[in-house]
Amino acid sequence: MSSDRLFLNYIDGAWVPGSGSTPIADTNPADLRETIGWVTDSTTEDVAAAVQAAERAYPAWRATPVPVRGRIVRDAGRLFEQRAAEIGRVLTREEGKILAEAEGEVLKGATLMEWFSGESRRLNGQTVPSEIPNTFAYTTREPLGVVGLITPWNFPMAIPAWKIAPALVAGNTVVIKGAEQTPWVTELVVRTFIDAGVPPGVLNMVQGRGATVGAALVEHPAVHAISFTGSTEIGHLINARGAALGKRVQCELGGKNPLILLADGDVDLAVAATAKGAFGSTGQRCTATSRAIVHRAVLDEFTHKLAAAAAAVVPGNGLDPASTMGPSVDSGQFGKVHEYLQIGAAEGAELVCGGGRAAQGDLEHGLFTQPTIWHVQRTMRVAREEIFGPVLSVVAVDDFEEAIAVANAVEFGLTSSIYTRDVNTVFRYVDQIQTGMLHVNSPTIGGEAQLPFGGMKKTGIGPREHSTHAIDFFTEWKTVYIDHGGGFRGGNLY
Ligand code: ADP
């Protein structure tokens, strides 16, 4: 199946093609025979046009009362709820995750809209007592100006939505560049904000290649801040460039999230959480469980039960209700997963199940991988590097101290989880684990709008997303001193 549908840019309230000449194919990863459409090829000039539109729209948007901006975001949230099935189907076709996950993502995005719209009524500063007589001191917040958002394919609705919402509520105007693999979903996200009442020029979208469009957005002098979610490599590149150019940068990058199961933990719960965290969304979540660190006393039971859970996974086209796990998003990502399967085998990882492509019947046309579990040594690359596929590395340990040492022995620190019934251990874990989010007796995945989302170490740069921290990233503080005494006091002013 082929389509000549072209995914356009949205600049200054109009849908326009990019000025490049090499569109990118948008392919269904569950069936590579289906070309969904083509991503318009954009250039530095298209980015410049989008930034100029955002600059022109900025004064009026900045002057729009914050609760009025919030109401538009609220209405976008309601529209996302109404459109969850429609956007979910497109998301499944482009990204591959099963329909339930795709619709769940859209509904999740809607809850973030709900929360950020509420924040529009709380964009408060503080009144602070001054040490100078007759002086009224307070703080107030204002937007940054034009901001650039660069987003990945793995949550193509939720991540753009959760960056656009705080940026707009705070009064910024936006240029967004979504991922090449999911242009239709990015378009539907932008359309939904427009339908909710975002004025022309306030939200612009440039589709195209990362190295061209993304880089031009980072370089453009009128873009004051970049919020990026994606690979560790590109994130650190953008951060370095942003620092050189004096820009504010926020990045959410890779992970190697561990789930620890101690001898006193509930094995069945830990198995269910690991299966969901490792194989859900095909392991293509930044919060996916990619390591299980398991006490030797329960290792056999855990492995046996998890292998049964893996055997019950049904890889397949996400539009088919019988499927419980979709494909890798594209051949690049699929190739990376299979390269790691070879690396692990060469390193001596002991396979429990999976380890190869799932290609029976119609699956041969898609990028499916068998859910894979293997026992590994903590020093192996597959125990330390992000794979971003349905591959779980299990490391055996003898006690809590060893478990924490293994958990922390990676360069990432997004999320983690522990299964134990011992309250003292729980508090030691909270104190010692090096992850920005952590769960006790629940899976590594998930994140709520009102709680900070993000990681430590190489995973996170700049303020957290979600919660009031997101608003902090998109606003500038002003500290105001007003002398209402009517005379010059001199003295120790410094
Ligand atoms: P992934 O490997 O998950 O696709 P990337 O970091 O390559 O992650 O992509 C995430 C987003 O960053 C995408 O929108 C992509 O187009 C964009 N991107 C890729 N390379 C660059 C770059 N050099 N500068 C800016 N953005 C980029």
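Numbering (this note's numbering), first residue to last: -12 to 481. Using N, Cα and C, we set each Cβ at its ideal position, and we do this for glycine too.
How would you label Val369, buried or exposed, when you count the other beta carbons within 10 angstroms and need 16 or more for buried?
Along the sequence shown, read from residue 1 onward, the residue named residue 369 stands at position 382. Buried is the call here.
Per DSSP, which one or two residues make a beta bridge with Phe440?
Taking the first residue of the sequence shown as position 1, residue 440 is located at position 453. Beta-bridge pairing links Phe440 to Glu452.
Candidates Ser315, Thr31, Ile119 and Glu101: which alpha carbon is nearest Glu82's?
Counting from 1 along the sequence shown, the entry for residue 82 is found at position 95. Residue Ser315 is the option with its Cα nearest to Glu82.
Going by Cα to Cα distance, which pick from Thr14, Thr216 and Pro10 is closest to Asp317?
Numbered from its first residue, the sequence shown carries residue 317 at position 330. Checking every option, the nearest Cα to that of Asp317 belongs to Thr14.
Give me the Cα-Cα distance between Cys340 and Ile374, rounded to the nearest whole angstrom.
As a first step, residue 340 must be located in the sequence shown, where it is residue number 353. As a first step, residue 374 must be located in the sequence shown, where it is residue number 387. Each residue's alpha carbon lies about 17 Å from the other.
Taking 7 Å as the line, does the beta carbon of Ser218 fall inside it for any heavy atom of ligand 1?
One-based indexing of the sequence shown puts residue 218 at position 231. It does: the Cβ of Ser218 is within 7 Å (strictly closer) of some heavy atom of ligand 1.
Candidates Thr219, Ala166, Gln364 and Trp2: closest to Glu398 by CA position:
For the purposes of this step, residue 398 is taken as residue 411 along the sequence shown, with counting starting at 1. Closest by alpha carbon: Thr219.
Is Trp149 near ligand 1, in the sense that its beta carbon is under 7 Å from a heavy atom of that ligand?
As a working mapping, residue 149 is identified with position 162 in the sequence shown. No, ligand 1 has no heavy atom inside 7 Å of this Cβ.
Bounding residues of the alpha helix (DSSP H) (the contiguous stretch that carries Arg76)
For the purposes of this step, residue 76 is identified with residue 89 of the sequence shown, where counting begins at 1. Its alpha helix (DSSP H) spans residues Ala71 to Glu82.
Can you check whether the CB of Val467 is closer than 8 Å to the CB of Thr127?
Along the sequence shown, one-based indexing puts residue 127 at 140. Along the sequence shown, one-based indexing puts residue 467 at 480. Going by C-beta atoms, Thr127 is nearer than 8 Å to Val467.
Taking only three categories from DSSP, how would you classify Arg61?
Position 74 of the sequence shown, counting from 1, holds the residue named residue 61. If DSSP states are grouped into helix, strand and coil, Arg61 belongs with the helices.
Only counting runs of 4 or more residues, tell me where the alpha helix (DSSP H) segments fall wholly within the region 363 to 428, in order along the chain.
387 to 395 and 410 to 419
Give a yes or no on whether the minimum CB-CB distance between Ile119 and chain B is below 8 Å.
The chain labelled as chain B is not found in the depicted structure, where only one protein chain is given.
Spatial distance of Gly96 from Pro54 (CA atoms):
For this step, residue 96 is matched to residue 109 along the sequence shown. For this step, residue 54 is matched to residue 67 along the sequence shown. Taking the straight line from one Cα to the other gives about 20 Å.
Determine the burial state of Lys445: buried for a count of at least 16 other Cβ atoms within 10 Å of its Cβ, exposed for fewer.
In the sequence shown, the residue the question calls residue 445 occupies position 458. Classification of Lys445: buried, given that the 10 Å Cβ count is 16 or more.
Counting pairs of Cβ atoms below 8 Å between the region 300 to 312 and the region -2 to 12, do you hit three or more?
no
Boundaries (first-last residue) of the alpha helix (DSSP H) holding Gln39
Within the sequence shown, numbered from 1, the residue matching residue 39 stands at position 52. Here the alpha helix (DSSP H) through Gln39 covers Thr31 to Ala50.
Member of Arg108, Ala152 and Arg49 whose CA lies at the smallest distance from the CA of Gly64
Your numbering for residue 64 matches position 77 in the sequence shown. Out of Arg108, Ala152 and Arg49, Ala152 has the C-alpha closest to the C-alpha of Gly64.
Out of curiosity, what's the CA-to-CA distance linking Asp385 and Ser429?
Sequence index remark: in the sequence shown, residue 385 carries index 398 (1-based). Sequence index remark: in the sequence shown, residue 429 carries index 442 (1-based). So the alpha carbons of these two residues sit roughly 22 Å apart.
With Gly472 as the anchor, note down where its beta strand (DSSP E) starts and where it stops.
Counted from its first residue, the sequence shown places residue 472 at position 485. Neither: Gly472 is in no beta strand (DSSP E) and is coded neither H nor E.
Helix, strand or coil for Thr276 per DSSP?
The count along the sequence shown starts at 1 and reaches residue 276 at position 289. Reduced to three states, the DSSP call for Thr276 is strand.
Closest to Thr98 by CA distance: which of Gly335, Gly188, Asp62 and His352 is it?
Counting from 1 along the sequence shown, the entry for residue 98 is found at position 111. Closest option to Thr98, Cα to Cα, is Asp62.
Under 8 Å between the Cβ atoms of Val393 and Val378?
In the sequence shown, the residue the question calls residue 393 occupies position 406. In the sequence shown, the residue the question calls residue 378 occupies position 391. No, they are not a contact pair.
Identify whether His207 lies in helix, strand or coil by the three-state DSSP scheme.
The residue you call residue 207 lines up with position 220 of the sequence shown. Correct three-state label for His207: coil.
Using the rule of at least 16 other Cβ atoms within 10 Å of the residue's Cβ for burial, across every protein chain shown, is Arg451 buried or exposed?
For the purposes of this step, residue 451 is taken as the residue at position 464 of the sequence shown. So Arg451 counts as buried.
Going by C-alpha to C-alpha distance, which of Ala231, Val161 and Ser454 sits closest to Ile(-2)?
On the sequence shown, position 11 is the one that residue -2 refers to. The shortest Cα separation from Ile(-2) among Ala231, Val161 and Ser454 belongs to Val161.
Going by C-alpha to C-alpha distance, which of Gly158, His426, Val281 and Gly447 sits closest to Ala44?
Indexing the sequence shown from 1 puts residue 44 at position 57. Measuring from the Cα of Ala44, the nearest candidate turns out to be Gly158.
Jot down the residue ranges of each uninterrupted alpha helix (DSSP H) in the region 275 to 345, minimum 4 residues, whole runs only, in chain order.
283 to 298 and 318 to 334
For Asn226, report the span of its alpha helix (DSSP H) as first-last.
Against the sequence shown, residue 226 aligns to sequence position 239. That run of the alpha helix (DSSP H) goes Thr219 to Leu232.
Mind checking Lys84: buried by the 16 CB within 10 Å criterion, or exposed?
Within the sequence shown, residue 84 is the residue found at index 97, counting from 1. It counts as buried.
Sub-8 Å separation of Ser277 and Lys243 beta-carbons:
Numbered from its first residue, the sequence shown carries residue 277 at position 290. Numbered from its first residue, the sequence shown carries residue 243 at position 256. Yes, the pair counts as a contact, with Cβ atoms nearer than the cut-off.
Bridge-paired residues (DSSP) for Gln237:
Residue mapping note: residue 237 aligns to position 250 of the sequence shown, counting from 1. DSSP output for Gln237 lists Ser214 as bridge partner(s).
Assuming Gly483 is part of the alpha helix (DSSP H), what are its boundary residues?
The question about residue 483 has no answer here: the residues shown for the chain are numbered -12 through 481.
Pop quiz: Val300 and Phe321 are said to be a contact at Cβ under 8 Å. What is the actual Cβ separation, rounded to whole angstroms?
In the sequence shown, residue 300 corresponds to position 313, counting from 1. In the sequence shown, residue 321 corresponds to position 334, counting from 1. Rounded, the Cβ-Cβ distance is 17 Å, inconsistent with contact.
Same chain only: Cβ atoms within 7 Å of Thr412, ignoring 5 sequence neighbours per side
Reading the sequence shown from its first residue, position 425 is the one you call residue 412. Only Leu249 and Phe387 meet the Cβ criterion.
Are there three or more Cβ pairs, one per stretch, closer than 8 Å when the region 458 to 473 is compared with the region 124 to 143?
Contact between the region 458 to 473 and the region 124 to 143 is established, with three or more Cβ pairs separated by less than 8 Å.
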